[in-house]
Structure formats: structure tokens, C-alpha cells
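Beneath this line is the structure, given in C-alpha cells, with notes to follow.
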Amino acid sequence: MNTSAHDHHISTVKQLFLVAMGLTFLTFLTVFMAKVIVLPEPFGIIVALTIALAKAFLVGAFFMNLYWDTKFHVLLLVGSFLFFFLMVGVTLLDTLYRDDAIPSF
Amino acid sequence: MTTAEATKVKSLKVQRFQPSDNPTKNFLTEEKGVWAWMTTVDHKKIGIMYLVAVTFFFAIGGFLAVLLRTKLLSGSSISFIDANQYNQLFTLHGAIMVFFVLVPSIPAALGNFILPLQLGAKDVAFPKLNLGSFYIYVIGAIFTFIAIAANGLDTGWTFYTPYSSESGTSVLLVTFGVFILGFSSILTGTNFITTIHKLRAPGMTWGKMPLNVWALYATSIIQVLATPVLAITLVLLMMERVLGIGIFDSALGGDPVLFQHFFWFYSHPAVYIMIVPAFGIMSEVITTFSRKTIFGYWAIALSSLAIAFVGFLVWGHHMFTSGQSPIATTVFSFLTFLVGIPTGMKILNWLATLYKGSIKLDTPMLYALSFLFIFSIGGFTGITLGALSVDIHVHDTYYVVAHFHYVMMGGTLIALLAGLHYWWPKITGKMYNETLGKIGSALIFIGFNVTFLPQFVMGSQGMPRRYYNYIDQFAPFHIASTIGSYILSVGFLLILYYLLHSLWKGKRAPANPWGSRALEWQTTSPPPLHNFEHSPVVINEPYDYHRPMEEFQLGIALDQGEDSDHTEKEKV
Amino acid sequence: MANHSSAQTTLHEHHFVDTDHQFDAAKLGMWVFIVNEILFFGGLFCAYIIFRAWYPDLFQQAAYQLNAVLGGINTLVLIASSFTVAMAIRSAQTDNQKGLRNHLLFTIILAFVFLIIKAFEYNHKFELGLFPGAYYNPAPEVLEHLNHPKANIFFSIYYMLTGVHAIHILIGIGLLISLYIRAGRGRFSSKFYNPVEIVGLYWHLVDLIWIFLFPLLYLIE
Numbered sequence: 001m002n003t004s005a006h007d008h009h010i011s012t013v014k015q016l017f018l019v020a021m022g023l024t025f026l027t028f029l030t031v032f033m034a035k036v037i038v039l040p041e042p043f044g045i046i047v048a049l050t051i052a053l054a055k056a057f058l059v060g061a062f063f064m065n066l067y068w069d070t071k072f073h074v075l076l077l078v079g080s081f082l083f084f085f086l087m088v089g090v091t092l093l094d095t096l097y098r099d100d101a102i103p104s105f
Numbered sequence: 106m107t108t109a110e111a112t113k114v115k116s117l118k119v120q121r122f123q124p125s126d127n128p129t130k131n132f133l134t135e136e137k138g139v140w141a142w143m144t145t146v147d148h149k150k151i152g153i154m155y156l157v158a159v160t161f162f163f164a165i166g167g168f169l170a171v172l173l174r175t176k177l178l179s180g181s182s183i184s185f186i187d188a189n190q191y192n193q194l195f196t197l198h199g200a201i202m203v204f205f206v207l208v209p210s211i212p213a214a215l216g217n218f219i220l221p222l223q224l225g226a227k228d229v230a231f232p233k234l235n236l237g238s239f240y241i242y243v244i245g246a247i248f249t250f251i252a253i254a255a256n257g258l259d260t261g262w263t264f265y266t267p268y269s270s271e272s273g274t275s276v277l278l279v280t281f282g283v284f285i286l287g288f289s290s291i292l293t294g295t296n297f298i299t300t301i302h303k304l305r306a307p308g309m310t311w312g313k314m315p316l317n318v319w320a321l322y323a324t325s326i327i328q329v330l331a332t333p334v335l336a337i338t339l340v341l342l343m344m345e346r347v348l349g350i351g352i353f354d355s356a357l358g359g360d361p362v363l364f365q366h367f368f369w370f371y372s373h374p375a376v377y378i379m380i381v382p383a384f385g386i387m388s389e390v391i392t393t394f395s396r397k398t399i400f401g402y403w404a405i406a407l408s409s410l411a412i413a414f415v416g417f418l419v420w421g422h423h424m425f426t427s428g429q430s431p432i433a434t435t436v437f438s439f440l441t442f443l444v445g446i447p448t449g450m451k452i453l454n455w456l457a458t459l460y461k462g463s464i465k466l467d468t469p470m471l472y473a474l475s476f477l478f479i480f481s482i483g484g485f486t487g488i489t490l491g492a493l494s495v496d497i498h499v500h501d502t503y504y505v506v507a508h509f510h511y512v513m514m515g516g517t518l519i520a521l522l523a524g525l526h527y528w529w530p531k532i533t534g535k536m537y538n539e540t541l542g543k544i545g546s547a548l549i550f551i552g553f554n555v556t557f558l559p560q561f562v563m564g565s566q567g568m569p570r571r572y573y574n575y576i577d578q579f580a581p582f583h584i585a586s587t588i589g590s591y592i593l594s595v596g597f598l599l600i601l602y603y604l605l606h607s608l609w610k611g612k613r614a615p616a617n618p619w620g621s622r623a624l625e626w627q628t629t630s631p632p633p634l635h636n637f638e639h640s641p642v643v644i645n646e647p648y649d650y651h652r653p654m655e656e657f658q659l660g661i662a663l664d665q666g667e668d669s670d671h672t673e674k675e676k677v
Numbered sequence: 678m679a680n681h682s683s684a685q686t687t688l689h690e691h692h693f694v695d696t697d698h699q700f701d702a703a704k705l706g707m708w709v710f711i712v713n714e715i716l717f718f719g720g721l722f723c724a725y726i727i728f729r730a731w732y733p734d735l736f737q738q739a740a741y742q743l744n745a746v747l748g749g750i751n752t753l754v755l756i757a758s759s760f761t762v763a764m765a766i767r768s769a770q771t772d773n774q775k776g777l778r779n780h781l782l783f784t785i786i787l788a789f790v791f792l793i794i795k796a797f798e799y800n801h802k803f804e805l806g807l808f809p810g811a812y813y814n815p816a817p818e819v820l821e822h823l824n825h826p827k828a829n830i831f832f833s834i835y836y837m838l839t840g841v842h843a844i845h846i847l848i849g850i851g852l853l854i855s856l857y858i859r860a861g862r863g864r865f866s867s868k869f870y871n872p873v874e875i876v877g878l879y880w881h882l883v884d885l886i887w888i889f890l891f892p893l894l895y896l897i898e
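Protein chains in written order, with this note's numbering: chain U, 1 to 105; chain C, 106 to 677; chain H, 678 to 898.
As C-alpha cells, this is what we get:
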């Protein structure tokens with residue numbers, strides 16, 4: 001059994017370099033959007049996080065090889081994000097809706 | 106002996122091997138000496154080391170409990186423990202029992218030993234990591250003990266801010282110890298998930314896995330998702346004390362209730378880490394001792410996962426009186442009711458399994474029956490506590506104390522005892538004294554109920570928890586409760602005695618003393634170093650007591666021309 | 678059954694069917710650990726979200742104190758280090774021992790660059806008295822832009838997020854150095870490079886966290 005060829009995806013240098021370039025571009029884009037084109041809230045955050053998600057997708061799919069990997073690993077990654085959102089969302093149900101706006105004096 | 110799986114399949118000639126009842130070599134004899142134990146990567150030895158550690162901490166935590174109860178014999182006149190010491194005692198009792206006993210107990214002690222055997226694997230996925238998990242547990246424990254020796258701890262095991270940010274006791278060291286301990290839990294969970302995915306024996310589909318494995322799988326998921334949040338909470342608390350970070354300090358703009366959110370985001374799923382493996386043991390013991398297949402396999406399997414998921418959404422029910430927003434409180438109350446449903450399903454399925462079963466009241470089964478009664482009370486009282494209107498009155502009273510002792514001790518601990526007695530022959534190769542076992546289980550059952558049933562009553566009448574004295578109307582309840590705790594102590598000491606005694610003087614255990622169909626019983630007691638001489642292939646459903654025992658024994662398919670109409674005893 | 682080359686029999690553990698099985702298990706284990714790390718940082722991000730929802734003005738004012746240029750450079754440094762670690766894995770997969778060592782070295786160097794830039798940032802803040810928590814003692818130039826009574830909360834969160842992240846970088850450096858040493862001894866090849874793969878995954882995770890950290894802390898306007 002030839003383990004090196006068996007199922008392990010080997011990216012080419014060009015592929016990896018393109019991904020790195022994509023990430024670099026997105027980094028410049030997000031700084032540009034935040035500092036030069038200053039969008040009113042909440043659009044500023046939405047745009048920044050969308051670009052961050054795009055970068056995360058590139059890293060996850062092509063650097064961490066999820067694109068070629070078993071779908072279960074994708075499920076793990078996505079699932080952990082979902083749990084994070086659950087944690088935040090349910091906590092915000094409390095912190096955003098208290099009678100006293102801010103818990104201090 | 107030929108096996109026909111279905112009418113369409115050709116019969117296969119198989120040579121069956123009955124595991125030897127008197128193996129000359131097993132995992133205990135093949136690696137000997139202290140150094141071999143300390144550097145072992147064998148999951149069986151690691152499981153035993155965890156068991157010894159957990160027993161040790163249980164003894165300490167139990168001793169603290171007896172001290173507490175003795176103090177509470179009288180509201181005021183027992184003066185060898187003053188108020189400050191009382192605070193330290195209940196804090197330590199809680200912290201030790203939760204973090205060092207209950208969370209690791211069934212998964213790390215019994216789970217480590219049994220999981221690979223039930224899967225037909227030779228070990229867990231990452232044996233060295235397994236040993237690492239054990240040492241991390243030990244180091245965490247040492248830190249905690251240094252802390253206790255240094256300055257004690259009186260914040261309650263829940264470390265609520267703002268007191269825990271300011272208390273002069275060793276909060277920093279204890280939280281650091283628990284932080285380290287958390288990694289043990291996380292790594293064990295990671296190990297188990299990978300093992301269950303990757304190391305099942307050929308033929309063992311997800312639908313053929315024993316329910317104990319499903320339970321350990323759900324537990325491991327909770328461990329991996331919840332424990333890191335505890336870790337970061339403890340880090341934030343440590344930074345609060347060291348740097349004055351202020352995230353939980355109202356004067357600096359923070360929020361003490363936020364600590365409670367973060368803390369309970371872990372600690373509520375933590376109680377499911379404690380109970381879900383107990384459910385797994387219950388499935389094993391009840392089927393074996395009713396010689397009947399489980400009622401509702403998929404219901405039980407999937408309800409473990411459902412509990413794991415919904416259990417993450419209910420943490421606010423510990424905080425109904427903390428000043429949470431009304432909408433959060435309502436949502437948490439509703440979700441708390443939901444989480445009782447899969448649990449209730451399990452209880453009903455086990456009862457249905459018992460119905461018309463061929464019941465054998467051996468010690469493990471007595472514990473399982475105790476579990477059904479005690480845990481049901483605990484579970485129902487949990488639902489009543491989830492009702493907002495009730496909780497407002499009984500929050501921080503003995504009602505809560507009784508509830509969680511009914512589920513954690515009456516649930517997890519009794520299931521641990523059931524599992525320990527069930528798998529004792531497999532682990533040690535010895536049988537304990539059955540009569541003493543029955544007496545022990547009776548003492549535990551009676552002692553437990555005498556201790557904690559009065560606490561429900563006095564809690565509903567308003568007796569607050571964590572108080573070192575009380576008004577006269579509660580005296581009879583406290584006295585009864587303390588007497589119960591002494592009965593419990595006698596029971597536990599008896600168990601310790603006859604289990605230890607069996608190690609030296611117990612009868613030799615056969616490979617399968619209970620006649621179970623599960624895979625771990627198809628190898629010798631104790632098992633060989635690598636668990637199975639050959640990789641088992643699973644054909645039948647688990648718990649299929651309709652089929653004869655021979656069909657579950659391990660065998661080798663023969664060249665179909667050979668004659669094989671007898672079962673051979675395995676030559677060891 | 679199992680591979681029987683001499684290099685394999687020492688590396689192939691007995692409870693796995695073959696090295697492929699072992700590789701798959703190692704990867705799954707690492708992904709489960711990544712889930713765990715995401716929840717760990719998740720707690721900190723949760724605190725960030727809660728406090729930003731409570732004190733939006735504070736976050737807007739305090740962002741002036743963070744240098745988006747340095748943060749951006751650090752982002753590019755981490756992207757480059759992800760690239761080099763992916764190249765290292767590729768080198769292992771293609772039996773390129775020299776490439777493996779070089780790319781591991783580049784990754785380590787880039788990681789140090791990240792930490793050095795971070796040290797500059799922290800140092801600059803300390804000069805302005807922007808210490809975490811109770812030690813927060815802002816210099817007058819800070820108070821011109823940032824005059825919020827709860828300002829120390831922002832910096833507490835900032836230091837916790839970037840500090841915990843930096844600790845993970847340090848741990849990663851340790852792991853990479855260990856890989857570099859083992860690569861130097863010829864331990865990795867196209868037949869066995871599990872440690873390189875899983876340390877690579879860990880390193881990408883560290884990059885992933887920073888991808889979210891950067892806009893949330895440095896790019897608030």
C-alpha cells in the first residue's frame with residue numbers, strides 16, 4: 001500500500017501561493033473598507049466580519065485542506081462555530097435585555 | 106457449529122473459541138512493577154490508576170461530608186468547627202467531589218478500561234495522550250492540595266465573583282489546579298471521540314455499538330465543547346485577582362453575573378458529563394441481568410446526544426435569582442423542561458427492558474434498580490426547580506442540595522458502583538462476596554434516602570444551604586440526615602472492605618460470570634495485554650439474548666471444507 | 678495488513694490497522710482539539726461581544742490607541758507563516774527534506790516576527806500607561822481621545838485576547854522547533870509526516886483566530 005499517494009491531497013506551490021495572495025488581498029480590502037471607506041455602524045462590523053469569514057474560508061478550505069478532506073471535519077469546524085453563536089446568543093438574551101441598561105453605577 | 110445470519114446468507118463454518126477461565130497471562134502479569142505501571146500506555150492500567158485516584162478523592166470528600174453533617178447535628182453546640190471552617194469544608198467537599206471524583210469517575214476510570222474492549226479495539230486512539238491525561242489530573246490535584254494547605258478556600262465550589270475576586274483564601278491556586286485538571290477531561294474526550302470513530306472492530310456499525318459506547322461518545326462531545334469555556338472562565342478569574350482585570354467587577358464597569366454565565370455554561374453540561382456515562386452503565390447492567398435485549402436501542406442512543414445538545418442551552422436555570430433579564434429567565438426555564446424529556450425516555454425504556462425479563466438480583470442489578478428509583482426522584486425535582494415560580498422560593502435552600510445529591514450521588518455514584526461491581530471480575534479476575542455486596546447495596550440505598558429525603562422537606566420549608574447553624578424547627582431533619590450519612594459511611598466502608606478482600610481471597614472469576622452477550626466478556630478475565638488475541642468481527646446486534654452464547658464467542662472462519670462441529674476451548 | 682518497511686514498524690502503532698488508519702485518526706483527533714480551542718477563544722470573544730454591546734462608544738474611542746498598521750502587518754506575517762507551514766507539509770509529502778526544514782524555519786522566524794511586533798505594540802501602550810485592569814493609568818495624551826470611565830475594560834479585553842493568542846503562538850513555536858529538530862534527524866517522509874500535518878493544522882488555527890481578532894480589535898471606527 002503506497003501511503004503517500006493514498007488519499008492525501010498534495011497542493012501545488014501555485015495553489016498555495018494563490019491562496020496566500022487571496023488572503024493578502026482580503027487583508028488590504030478589510031483595512032481599506034474600515035479606515036478609508038468608513039461605513040456607518042452596523043455595516044462596518046458586518047462588512048469586516050464578512051471579509052473575515054471569507055479569509056477563514058480560504059484558510060480552512062485550502063490551507064487546512066478541508067476542501068479535499070472528509071466532510072466530518074467540516075462538520076466539526078462549522079459545529080464549533082454554531083456552538084459559539086449559541087453561547088453568545090443566549091447570553092445576550094440576558095445582557096441586552098436587562099431592566100438596568102448597564103450593570104454598574 | 107454453523108451460524109446463519111439470514112436465510113439468504115450461506116452458512117459459515119466457524120471455529121469458536123471459548124475464552125479461557127484460567128488464563129496464565131493477562132495484562133496484570135505481562136507488565137509488572139511500579140515503573141511499568143507509571144509509564145504504561147495500556148488503557149486498562151490507566152483506568153485502574155484513575156479508579157484508585159477517584160476512590161482516594163471520594164474518601165476525602167466523603168470524610169469532609171461526614172464532618173459537615175456532624176457539625177449540623179446541632180445548630181450551635183458543636184463548636185470544634187466554627188463558621189469560617191464550615192465554609193471551607195463545604196467548599197472543599199464540593200470542589201473535590203465535582204472536579205476530582207464525579208467528572209472523571211465513570212469516563213476516565215471505567216470508560217478507559219471498558220471502551221476499547223467494547224469496541225473490539227486493542228487500545229484507545231492515542232494511548233500516550235491517555236497517560237498524559239492521567240498525569241495532568243494528578244498535577245491538577247497536587248496544585249489543589251497545596252492551595253488547601255496554604256490558605257484554604259471558602260468561596261463555595263462555584264467561585265462566584267465578587268467574593269472570589271477578593272477572598273483572602275487560595276482562590277488563585279485552586280482555580281489553577283482546576284484549570285489544569287480541565288485539560289485531563291478535554292484530552293480524554295478527544296481520545297474517546299477518535300477511538301469511537303476510528304477503532305471499532307470490523308462489522309461494528311454505529312447501530313451495533315453497545316449503548317455504553319454511545320453514552321461515552323455523547324459525554325466526550327460535552328467534555329470537548331464545555332470544558333474550554335470553564336478553562337477561559339478560570340483564566341479570567343485568575344487575571345481578575347492578579348491584574349484586577351475588572352470584567353466581573355461592577356466598580357470597574359464589569360458584571361459579576363457574567364461570571365455566573367461563563368461558569369454555568371460549563372458547569373451545567375458538566376453535570377451531564379457526570380450522568381450520561383451513568384446512563385450507559387445502566388443500559389449494560391439492566392440488559393445483562395434481565396437477559397433481554399434493550400427496549401428502544403435508537404431511542405436511548407440518540408437521547409444521549411439530545412441531552413448533550415439541549416444540556417448546553419439551560420445553564421441559566423442556576424441563575425434565576427441573579428438578576429438575569431426576564432426573557433432570558435423564561436427561555437431557560439422552558440428549555441430546562443425540554444431537557445427532561447430524553448432523560449425520561451431512557452428511564453421508561455429501561456423499565457420496558459425489565460418487563461418480562463429474566464431478572465437476576467445480583468449486586469450490580471440491585472444498584473441499577475436503586476438508580477432507577479433514586480435518579481427518578483432527582484430528575485423530577487430538577488424539573489420542579491426548573492419551574493420559575495418554585496425556584497424563586499427554593500433557590501439556595503436544601504431543596505437544591507437534595508436535588509443535586511439525588512442525581513449526582515444517587516445517579517452517578519450508584520451507577521459507578523453498579524458498573525464497578527459488574528466489571529470487577531473483568532478488571533481483577535476475582536469475584537467479590539455476593540452476600541456482602543447485597544448488604545452493601547442495601548446500606549447505601551437506605552443510608553442515602555435517610556440522608557437526603559429530609560433535606561427536600563426542610564429545603565421547601567426554607568432551610569438555606571451553606572449555613573452552619575439553623576433554627577430549631579429544622580433540628581429533626583438535620584439529625585435524621587446526619588444519621589443517614591453515618592449509615593452511608595458504613596456502607597461505603599463495607600464495600601471497600603469486601604472489594605479489597607476479593608483481590609486477595611476472592612474466587613477466580615470466569616471469563617463471563619454474568620452470561621453477557623457483550624464483546625468485553627468474550628475475552629478472558631482479566632483480559633490479555635492487547636485485549637483480544639485476534640481482531641473480533643461483529644455480526645450480531647448487541648444485547649441479543651435470543652441467540653445462543655456460542656454466536657457471540659469469538660471465532661475464526663474455517664476453510665469451508667473443514668469439519669468444525671465443536672467449540673474448542675482456547676489454548677492459552 | 679500493516680506496512681512492514683523498517684521505518685514503518687517503529688512508527689506504526691499496534692492498535693491501528695496501518696499507517697493510513699493512524700494518519701486519519703491523528704487528523705480527527707486534531708480537529709476535535711481545534712473544536713476545543715475555538716470554544717476556548719469563544720469565551721473571550723463572547724466577553725468582547727457583550728462589552729461592546731454595552732459600551733459601543735468606549736470601543737470606538739479606544740480603537741485610536743491601537744495601531745491598525747502594525748496589526749495589519751502582523752496579519753500579513755501570519756498569513757505568510759500559514760503559507761510556509763503549508764509548504765512544509767507539501768515538502769514532507771514530496772520527500773523534500775531540505776524544503777521541509779527550510780519552510781519550518783521560515784515559519785518559526787515569521788512567528789518570532791509576529792511576537793516582536795506585538796512586543797513593540799505592548800511596549801508602546803505601557804509607555805502610555807495603558808496597563809491591564811487595576812494598573813490602568815493613562816497618560817494625558819491618551820485622555821484627549823479616550824475619556825471613558827470604563828476604559829480599562831477595553832484594555833482588559835484587548836490584553837486577554839491578544840495575550841492568550843500570543844501564548845498560543847509561543848506554544849506553536851515550541852512545537853515547530855520540535856518538528857524542525859526531528860526533521861533534521863530524518864524522521865519525516867512521504868510515508869510518515871503525521872506530526873507535521875497536525876502541527877500545521879494547529880498553526881492554521883492560530884492564524885484563523887487572528888483573522889477574526891484583527892478586525893474586531895483594530896478596525897473599529
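Here a beta-carbon is modelled for each residue, glycine too, at the ideal position from N, C-alpha and C.
Residue-level contact to chain U via CB, residue i, 9 Å cutoff
i: SER683 of chain H; result: Here the model assigns SER683 of chain H a pLDDT of 39, short of 50, so the residue's position is not dependable, and the following value carries that caveat. So, not an interface residue.
i: HIS691 of chain H; result: no
i: VAL841 of chain H; result: no
i: ILE339 of chain C; result: First, the residue type needs correcting, since residue 339 of chain C is Leu and not Ile in the sequence shown. No, LEU339 of chain C does not count as interfacial toward chain U.
i: SER855 of chain H; result: no
i: ALA703 of chain H; result: no
Paired residues, beta bridge with residue i - DSSP
i: VAL119 of chain C; result: C:ALA662
i: PHE869 of chain H; result: H:SER866
i: PRO569 of chain C; result: C:THR502
i: ARG613 of chain C; result: C:LYS535
Amino acids of chain U, ordered along the chain, whose beta-carbon sits closer than 7 Å to that of residue i
i: HIS881 of chain H; result: VAL59, PHE63, MET64
i: ALA433 of chain C; result: LEU93, ASP94, TYR97
C-beta neighbour in chain H for residue i, strict 9 Å
i: PHE367 of chain C; result: yes
i: LYS149 of chain C; result: no
i: ILE10 of chain U; result: yes
Neighbour list for residue i in chain C, Cβ cutoff strictly below 7 Å
i: ASP69 of chain U; result: Under the 7 Å cutoff, chain C gives no residues; its nearest Cβ is about 14 Å from ASP69 of chain U.
i: LEU53 of chain U; result: Going along chain C, no residue has its Cβ under 7 Å from LEU53 of chain U, so there is no contact; the nearest lies around 21 Å.
Segment limits, alpha helix (DSSP H) that includes residue i
i: ASP99 of chain U; result: No alpha helix (DSSP H) contains ASP99 of chain U, which DSSP labels as neither H nor E.
i: SER238 of chain C; result: 232-256
i: HIS373 of chain C; result: 361-395
i: HIS845 of chain H; result: 828-861
Chain-ordered chain U contacts of residue i [CB-CB under 9 Å]
i: VAL754 of chain H; result: Under the 9 Å cutoff, chain U gives no residues; its nearest Cβ is about 11 Å from VAL754 of chain H.
9 Å Cβ cutoff, residue i in contact with chain C
i: ILE875 of chain H; result: no
i: SER967 of chain H; result: As shown, chain H starts at 678 and ends at 898. That puts residue 967 of chain H outside it, with no answer to give.
i: GLU798 of chain H; result: no
Interface partners of residue i on chain H, CB under 7 Å
i: PHE231 of chain C; result: GLY706
Chain-ordered chain H contacts of residue i [CB-CB under 9 Å]
i: ASP228 of chain C; result: GLU690, HIS691, HIS692
i: VAL38 of chain U; result: GLU898
Interface partners of residue i on chain C, CB under 9 Å
i: HIS698 of chain H; result: LYS303, LEU304
Under 8 Å from the C-beta of residue i: neighbouring residues of chain H
i: LEU363 of chain C; result: ALA724, ILE727
Would you check if there are 3 or more beta carbon pairs closer than 8 Å linking the segment 408-421 of chain C to the segment 463-481 of chain C? no
Can at least three beta-carbon pairs, one atom from the segment 535-544 of chain C and one from the segment 613-627 of chain C, be found at a separation below 8 Å? yes
Decide if the segment 551-565 of chain C is in contact with the segment 242-262 of chain C; the criterion is three or more beta carbon pairs, one per stretch, under 8 Å apart. no
Does the pairing of the segment 695-708 of chain H with the segment 212-223 of chain C give three or more beta-carbon distances under 8 Å? no
With a threshold of 8 Å, are at least 3 pairs of Cβ atoms found where one atom belongs to the segment 53-62 of chain U and the other to the segment 878-898 of chain H? yes
Counting pairs of beta carbons, one from the segment 436-443 of chain C and one from the segment 484-498 of chain C, are three or more of them closer than 8 Å? yes
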